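Residue numbers (my numbering), protein chains in the order written: chain A, 251 to 442; chain B, 251 to 442.
Ideal Cβ placement from N, Cα and C applies to all residues, glycine included.
None of the values given here were measured: they were computed from a predicted structure.
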C-alpha cells in the first residue's frame with residue numbers, strides 16, 4: 251500500500267529536529283527525506299545522510315529539469331527535495347517525513363497529497379530564551395531569527411495539524427498519535 | 251472548552267466494552283454516558299452506575315417529552331440516552347463516550363457534533379469463535395447474534411473511524427490515538 255507523506259514545518263528553535271529524530275528512532279516504517287543542498291558539509295556530516303551535497307551547477311541542472319518537488323534558497327545556499335526519490339519511497343510503502351519550511355510546504359501541497367504538521371514553540375518569548383540558551387548566536391542573528399519565526403508561525407493555519415512543543419514527551423506523543431491516526435484513515439480508505 | 255462526544259459502536263463480541271473500560275481507566279477526562287433502561291438490574295449492577303433503571307411508564311414519559319438523544323428497543327427492553335445529561339457534560343468540558351448501536355449513532359449524528367468510531371471484529375468467523383468460547387449461548391442465539399453483527403458491520407462506513415480489534419493492546423492504542431488527535435483538532439479550532 252502506498253506510503254503517507256508527512257510535511258513537518260516549524261520555526262527555528264521549536265525543537266523540530268529532536269522531535270523528528272525521536273519519531274524516526276521509534277518507527278522503522280517512517281523515513282526521513284534527505285534534501286539536496288549546495289552548502290558545504292559541516293564537520294561530522296556525511297553525504298547522503300544529512301544531505302546530498304552537490305555543487306551549484308549540478309543543483310541548477312536538477313532545478314532546470316524540474317527534478318525538485320520543492321526548493322529554497324537560505325542564506326545564499328540552495329536546498330531541494332528530489333521528486334523522484336519521494337515518489338519511489340511512497341510507492342514502496344514507506345511513510346516519508348519531509349522537514350521543510352512553510353514555502354516548501356506550499357509547493358509540496360500543490361503537487362502531492364500530504365499531511366501537514368506545524369510545530370509551534372510555546373511562545374515567541376520561549377523561542378528567544380531557547381535561542382539565547384544555546385549561546386551560539388549574536389543578538390543580531392537572534393533578532394533576525396525571531397522575526398523569521400514570527401513570519402513562519404503566521405503560516406501555521408495552512409497546515410492540517412498544529413502541535414505545541416511545550417513538553418517534549420507530550421509533543422512526541424502528539425506526533426505519534428497523528429501518524430497512527432493517519433495510518434488508520436489510510437487503511438480505512440483502502441478497505442473494500 | 252466544550253467537550254467532545256465520541257460515539258462508539260460495535261457488533262456484539264467485538265470487544266467494545268473491555269476496550270472502553272480500559273480507555274476510561276487511563277483517561278479521567280473521558281466519561282461514559284449512563285443510559286436509561288427499562289430492563290431489570292442484573293446481580294451486581296447498581297442504579298446510576300451501569301444504567302439508570304426506570305420502569306416502562308417513566309421511560310415512555312421521557313420519550314414523549316423528547317428527552318432522549320437516542321433510544322432503542324432490544325429484546326423487549328428499552329434503552330435511551332438523556333440529551334440534557336450529555337449536553338451538560340459536554341458544556342462542563344467532559345469528553346463523553348456513548349456506547350450505542352448504529353441506529354442510535356445515526357440519531358445522535360443528526361442532533362449533535364460527534365466523532366463516530368466503529369470497532370470491527372477481525373472477521374465474522376472470529377466473532378463466532380468468541381461467542382462460542384463464552385459458552386453461554388445456544389446455537390440459535392449465536393446464529394441470531396451473528397446475523398445481527400453482519401448487519402451492524404454493514405454500517406461501519408457511516409462512522410469517522412473504523413478500527414479492528416484483532417489485538418486488544420493495538421486496538422486500545424488506536425482508540426487512544428484517535429481521542430488524542432481529536433483533542434488536538436479541537437484545541438486547533440479554538441485557537442485565535
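Within the segment 263-274 of chain A, no residue places its CB atom closer than 8 Å to a CB of chain B. For residue 391 of chain A, the enclosing alpha helix (DSSP H) stretches over residues 389-403. Contact note: residue 427 of chain B reaches chain A through 427, 430, 431, using a C-beta cutoff of 7 Å and chain order. Here residue 425 of chain B is buried, its C-beta having at least 16 other C-beta atoms within 10 Å. Interface annotation, residue 254 of chain A: not in contact with chain B, CB-CB separation never under 8 Å. Apart from the 5 residues on each side of it in sequence, residue 267 of chain B sits with its Cβ closer than 8 Å to the Cβ of 349 in its chain, given in chain order. Residue 367 of chain A has its alpha-carbon roughly 21 Å from the corresponding atom of residue 318 of chain A. If you draw a 10 Å sphere on the C-beta of residue 285 of chain A, you find 16 or more other C-beta atoms in it, and that means buried. With 16 or more neighbouring CB atoms inside 10 Å of its own CB, residue 320 of chain A falls in the buried class. At least one CB atom of chain A sits nearer than 8 Å to the CB of residue 438 of chain B. Of all residues in the segment 401-426 of chain B, those with a C-beta nearer than 8 Å to a C-beta of chain A are 411, 412, 413, 423, 424, 426, reading in chain order. Nothing from the segment 274-299 of chain B brings a Cβ to less than 9 Å from some Cβ of chain A. Residues of chain A with a Cβ closer than 9 Å to the Cβ of residue 434 of chain B are, in chain order, 411, 412, 413, 424, 427, 428.
Taking C-beta atoms under 8 Å as the contact rule, residue 370 of chain A and residue 406 of chain A qualify, at a distance of about 6 Å.
Residue 366 of chain A has A:257 as its beta-bridge partners, per DSSP.
Pairing residue 306 of chain A with residue 276 of chain A, the inter-Cα distance amounts to about 36 Å. Separation of residue 400 of chain B and residue 358 of chain B (C-alpha to C-alpha, rounded to the nearest whole angstrom) is 22 Å.
Under the three-state reduction of DSSP, residue 263 of chain B is assigned to coil, being neither helix nor strand. DSSP, reduced to helix, strand and coil, places residue 306 of chain B within a helical segment of the structure shown. Note that the C-beta distance between residue 380 of chain B and residue 263 of chain B is below 8 Å. Listed as beta-bridge partners of residue 323 of chain B by DSSP are B:328. Take residue 309 of chain A, set aside five residues on each side of it, and the residues of its chain with a beta-carbon closer than 6 Å to its own are 288, 328, in chain order. Relative to the Cα of residue 269 of chain B, the nearest Cα in the group B:254, B:422, B:374 belongs to B:422. Residue pairing by DSSP puts residue 347 of chain B in a beta bridge opposite B:256, B:282. Annotated as distal: residue 265 of chain B and residue 343 of chain B, with beta-carbon spacing of 8 Å or more.
The DSSP-derived three-state label of residue 275 of chain B is helix. Between residue 365 of chain B and residue 255 of chain B, the C-beta spacing is below 8 Å. Residue range 411-414 is occupied by the beta strand (DSSP E) that includes residue 412 of chain B.
Taking the CA atoms as reference points, residue 386 of chain B sits about 10 Å from residue 392 of chain B. A distance below 7 Å between beta-carbons, with the five flanking residues on each side excluded, links residue 382 of chain A to the following residues of its chain, in chain order: 392.
The C-beta distance from residue 429 of chain A to residue 411 of chain A rounds to 10 Å, too long to meet the 8 Å contact threshold.
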